[in-house]
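Undergrad:
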Amino acid sequence: MRGGWTQTVVAAGETPMKQRMRRQRRPFSARFEAWLAHHRESALVTLLRLAAAPFAAGMTVAAMAVALMLPASLYVLTGNLKVLGGYWDGSAAISVFLEPGVDEAAAQALARQWQARSDIARVGVITREQGLAEFREYSGLGAALDQLTENPLPVVISVFPAPQLSGKKALEQLVAGLEQLTDVNFTRLDTEWAHRLQALVELLERALWLLSLALALGVLLVVGNTIRLEIENRRDEIEVMHLVGATTGFIRRPFLYSGAWYGLLSGLAAWGMVWLMVLAMQVPADRLAESYQSVFLLHALDPLASLVLVGGGTALGILGSWFAVGRHLGAMQPSR
């Protein structure tokens with residue numbers, strides 16, 4: 117017999133029935149050791165077979181890796197958006213624009229008053245000159261601003277809510293209370309965009325589950341088709357093994373290990389692709405954060421997510437192989 121992973125299952129002259137009876141009389145320890153030995157042999161030989169055909173195996177692994185990488189990338193994206201929303205949501209301020217007649221001294225007095233409140237963590241006063249300088253820097257209207265005879269901007273107080281006011285309703289109540297004060301013209305809640313970002317994250321999370329299910333089915337189809345071709349290439353060998361009394365588990369085991377190797381290698385390749393993607397995106401993310409005078413470090417897959425990715429790929433490889441072997445081996449059963 118060819119293939120390397122097959123071995124003689126009957127002694128010369130024994131019928132399959134006699135072989136099964138002789139096998140049942142063997143001690144459990146001997147049968148268990150033979151079972152483990154065949155597992156080791158199947159795992160090693162199937163890995164060597166993949167290494168012997170690197171192009172064909174690499175194409176299958178690459179197709180599976182891309183299918184696994186897409187939901188993993190979406191998972192990384194939603195995770196970073198959550199961190200980004202929580203970071204800027206907690207650090208964003210309520211901009212309180214005072215009436216035009218309120219000067220810096222009165223604004224400082226108001227700031228000290230508000231600092232004593234339990235629902236406010238800290239406050240900061242942005243003077244007219246500071247506001248005009250910032251507007252000049254970011255608007256690009258420096259020449260037009262030079263024509264102004266006086267500064268039209270009001271004094272602004274940046275109010276940073278206390279940590280316990282992280283909910284949207286509590287923040288809205290704080291904003292409504294500030295707007296009722298005498299010297300306040302209007303307010304702007306800088307965290308409104310963060311709530312929209314959270315809604316976007318929820319949408320992406322649902323899309324992640326749907327995409328994961330669709331691509332998991334694609335991985336199963338790729339593995340199943342690959343194992344089907346391998347079964348067809350070894351049809352004669354499998355039929356001979358059936359004739360000499362090999363069990364279905366004995367014949368199926370090497371194909372399951374082939375699927376496991378495909379899944380494991382594709383999971384590792386997908387993990388590497390996600391890591392490279394995060395590494396490539398860190399530089400533009402740094403530039404974006406610098407424009408907001410901030411620092412943001414992109415996060416790749418955490419240990420648990422990495423284990424799910426690699427383990428899930430391996431499980432999908434085994435499952436796809438199981439379906440393919442169960443479907444095609446049954447058609448090769450010799451008639452009794």
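Position in the sequence shown (from 1) plus 116 gives the number in the working numbering.
The beta carbon of each residue, even a glycine, is placed where N, CA and C say it ideally should be.
(1) Can you have a look at L316 and say buried or exposed, based on whether 16 or more other CB atoms are within 10 angstroms of its CB?
(2) Taking the DSSP output, what are the residues bridged to S211?
(3) What does a CB cutoff of less than 8 angstroms around L327 pick up in its chain, not counting 5 residues either side in sequence?
(4) Taking only three categories from DSSP, how would you classify R233?
(5) Between V241, L381, D235 and E348, which lies nearest to A225 when the distance is taken from Cα to Cα?
(6) On the DSSP bridge list, what partners appear for V241?
(7) Can you have a look at V399 and say buried or exposed, based on whether 16 or more other CB atoms are within 10 angstroms of its CB?
(8) Determine contact between the stretch 155–172 and the stretch 372–382, defined as no fewer than three beta-carbon pairs at a distance below 8 angstroms.
(9) Assess contact between the stretch 384–391 and the stretch 418–429, defined as three or more Cβ pairs (one per stretch) separated by less than 8 angstroms. Is contact present?
(10) In whole angstroms, give me the CA-to-CA distance for L329 and H154.
(11) Quick check on the burial criterion: 16 or more other C-beta atoms within 10 angstroms. Buried or exposed for N267?
(12) Note down the Cα distance separating T298 from P419, rounded to an integer number of angstroms.
(13) Are the CB atoms of V239 and A227 nearer to each other than 8 angstroms?
(14) With H, G and I counted as helix, E and B as strand and the rest as coil, what does DSSP make of D352?
TA: According to the structure shown:
(1) One-based indexing of the sequence shown puts residue 316 at position 200. L316 is exposed by the Cβ-count criterion.
(2) Residue mapping note: residue 211 aligns to position 95 of the sequence shown, counting from 1. For S211, which the question treats as bridged, DSSP gives the partners S274 and R304.
(3) What you label residue 327 is simply residue 211 of the sequence shown in a count that begins at 1. Apart from the 5 residues on each side of it in sequence, L327 sits with its Cβ closer than 8 angstroms to the Cβ of L186, P187 and L190 in its chain, given in chain order.
(4) For this step, residue 233 is matched to residue 117 along the sequence shown. In the structure shown, R233 sits in coil (DSSP, three-state: anything other than H, G, I, E or B).
(5) Locating residue 225 in the sequence shown gives position 109, counting from the first residue. When each option's Cα is compared against that of A225, the closest is V241.
(6) For this step, residue 241 is matched to residue 125 along the sequence shown. When beta bridges are read from the DSSP output, V241 appears opposite I273.
(7) On the sequence shown, residue 399 is found 283 positions in, with the first residue counted as 1. Residue environment for V399: exposed (fewer than 16 other C-beta atoms within 10 angstroms of its C-beta).
(8) yes
(9) The stretch 384–391 is in contact with the stretch 418–429.
(10) Looking up residue 329 in the sequence shown gives position 213. Looking up residue 154 in the sequence shown gives position 38. C-alpha separation (whole angstroms): 34 angstroms.
(11) Translated into positions along the sequence shown, residue 267 becomes position 151. So N267 counts as exposed.
(12) Start at 1 with the first residue of the sequence shown, and residue 298 comes out as number 182. Start at 1 with the first residue of the sequence shown, and residue 419 comes out as number 303. Cα to Cα, T298 sits roughly 54 angstroms from P419.
(13) Mapped onto the sequence shown, residue 239 falls at position 123. Mapped onto the sequence shown, residue 227 falls at position 111. Yes, the Cβ-Cβ distance between V239 and A227 is below 8 angstroms.
(14) Looking up residue 352 in the sequence shown gives position 236. Note: D352 maps to helix in three-state DSSP.
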